[in-house]
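*Asks:* Numbering (this note's numbering), first residue to last: 404 to 760.
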């Protein structure tokens with residue numbers, strides 16, 4: 404591995420000043436806005452996250468506004484971004500800062516780490532941008548840039564790798580302008596040193612890049628293989644009454660989509676027929692005192708909804724009934740609830756009012 408020297412940050416910052424995108428969070432040092440943008444951009448590309456950032460600052464222009472909003476409203480605004488624990492942590496942290504810290508953000512890397520949902524990367528981003536603290540950010544883009552230029556083959560998702568890359572980034576940072584350095588290295592990874600087929604011929608580091616000069620662009624960075632993706636089979640019971648009312652239930656407990664709403668769900672170990680579903684204890688409990696008029700399968704082919712560590716195979720069963728016994732929700736009112744995007748897509752495609760019972 405090459406020895407870090409000023410050539411790196413000088414070339415990097417020069418490239419950045421010529422190529423940076425004009426993004427709203429780059430025009431402020433307000434820790435609330437920086438924190439909000441960083442939470443949104445975790446696991447999310449800028450193109451997808453930008454509209455959500457604008458929606459959030461419009462709906463909640465101050466951290467006090469966010470803290471006093473109902474969680475259901477926050478989750479609804481977050482709908483479609485995925486990784487909903489980010490939204491719940493966002494809301495919890497807003498409450499903590501508002502009511503325990505008198506709306507004053509922690510002003511150091513170490514204190515920022517104490518906030519719920521804030522890890523090394525987010526704490527570094529806020530501390531460097533808002534308080535000029537020279538602490539380096541390390542995310543997927545940074546791993547890729549450093550692994551390729553300096554020829555690091557330590558797996559980025561190993562304990563040793565995370566420590567090694569953080570140490571290198573910290574040694575490389577321009578301590579006189581840490582915010583610009585951090586933005587520059589992330590932008591470089593997002594726009595120049597991209598995962599596949601980067602244009603190395605125009606790269607400012609091609610003469611010094613280990614991967615380019617040793618034909619290792621496609622193999623760096625190294626990542627340990629993750630566990631096999633888990634397959635789950637979801638059968639949604641879409642009750643539909645003569646008054647176009649249905650049933651929604653809120654997901655409780657830990658796991659995906661906590662506190663979001665969905666149709667009554669029967670999870671099976673594989674794709675199930677209607678005859679098999681009818682015999683489950685879940686369906687028997689669900690259908691007590693309900694007179695079912697007809698049932699049909701809306702989608703013969705399961706919809707595959709891919710999450711980071713699991714694939715969901717969903718089918719929607721339309722269960723027509725005279726009336727819904729438990730608390731009913733008008734089908735046209737479903738969009739008032741925070742629902743998983745899987746359910747949202749179904750609702751937008753399904754035409755309940757065209758059905759004549």
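Glycine included, C-beta positions come from ideal geometry on N, C-alpha and C.
Ignoring anything shorter than 3 residues, give me the beta strand (DSSP E) runs that lie fully in the stretch 650-688, in order along the chain.
*Replies:* Listed in chain order, the complete beta strand (DSSP E) runs (minimum 3 residues) inside the stretch 650-688 are 668-671.
*Asks:* Quick one: grab the DSSP three-state call for residue 731.
*Replies:* In this structure, residue 731 counts as coil in the three-state DSSP scheme.
*Asks:* Pick out whichever of 673, 499, 537 and 589 has its Cα sitting closest to the Cα of residue 521.
*Replies:* When each option's Cα is compared against that of residue 521, the closest is 499.
*Asks:* Go ahead and pull the three-state DSSP assignment for residue 635.
*Replies:* Three-state DSSP puts residue 635 in a strand.
*Asks:* If you reduce the DSSP assignment to three classes, tell me which class residue 717 lands in.
*Replies:* Here residue 717 sits in strand by DSSP.
*Asks:* Could you tell me the distance, in whole angstroms, from the CA atom of residue 590 to the CA atom of residue 614?
*Replies:* Their Cα atoms are separated by approximately 19 angstroms.
*Asks:* According to DSSP, what are the bridge partners of residue 700?
*Replies:* Paired residues: 720.
*Asks:* Does residue 648 come out as helix, strand or coil in the three-state DSSP assignment?
*Replies:* Three-state DSSP puts residue 648 in a strand.
*Asks:* Could you give the distance in angstroms between the alpha-carbon of residue 519 and the alpha-carbon of residue 495?
*Replies:* Roughly 7 angstroms between the two C-alpha positions.
*Asks:* On the DSSP letters alone, give me the boundaries of the alpha helix (DSSP H) that residue 413 sits inside.
*Replies:* Counting along the chain, the alpha helix (DSSP H) containing residue 413 begins and ends at 409-422.
*Asks:* Can you tell which of 628, 735, 607 and 676 has the C-alpha that lies nearest to the C-alpha of residue 418?
*Replies:* Of the candidates 628, 735, 607 and 676, the one whose C-alpha sits nearest the C-alpha of residue 418 is 607.
*Asks:* Which of the three DSSP states, helix, strand or coil, is assigned to residue 569?
*Replies:* Helix at residue 569.
*Asks:* Do residue 484 and residue 524 come within 8 angstroms of each other at the CB atom, strictly closer than that value?
*Replies:* The answer is no: Cβ separation not under 8 angstroms.
*Asks:* At the level of alpha carbons, what is the spacing between residue 463 and residue 671?
*Replies:* Rounded to the nearest angstrom, the two C-alpha atoms are 40 angstroms apart.
*Asks:* Expressed to the nearest angstrom, what Euclidean distance is found between the alpha-carbon atoms of residue 558 and residue 548?
*Replies:* Approximately 14 angstroms between the Cα atoms of the pair.
*Asks:* For residue 649 and residue 739, what's the separation of their Cα atoms in angstroms?
*Replies:* Near 14 angstroms, if we compare the C-alpha coordinates of residue 739 and residue 649.
*Asks:* Please report the residue range of the beta strand (DSSP E) in which residue 706 lies.
*Replies:* Residues 706-709.
*Asks:* What number of angstroms, rounded off, separates the C-alpha of residue 759 from the C-alpha of residue 696?
*Replies:* Confidence at residue 759 is low in this model, with a pLDDT of 38, below 50, so the placement of that residue should be treated as unreliable; the coordinate-derived value is given next. Residue 759 and residue 696: Cα-Cα distance of roughly 12 angstroms.
*Asks:* Span of the alpha helix (DSSP H) holding residue 481?
*Replies:* That run of the alpha helix (DSSP H) goes 474-481.
*Asks:* Where residue 654 and residue 661 are concerned, what is the direct C-alpha to C-alpha distance, given to the nearest angstrom?
*Replies:* Each residue's alpha carbon lies about 5 angstroms from the other.
*Asks:* So, are the CB atoms of residue 638 and residue 689 less than 8 angstroms apart?
*Replies:* No, the Cβ-Cβ distance between residue 638 and residue 689 is not below 8 angstroms.
*Asks:* By alpha-carbon positions, which one of 687, 551 and 584 ends up nearest to residue 620?
*Replies:* It is 551 whose Cα lies nearest to the Cα of residue 620.
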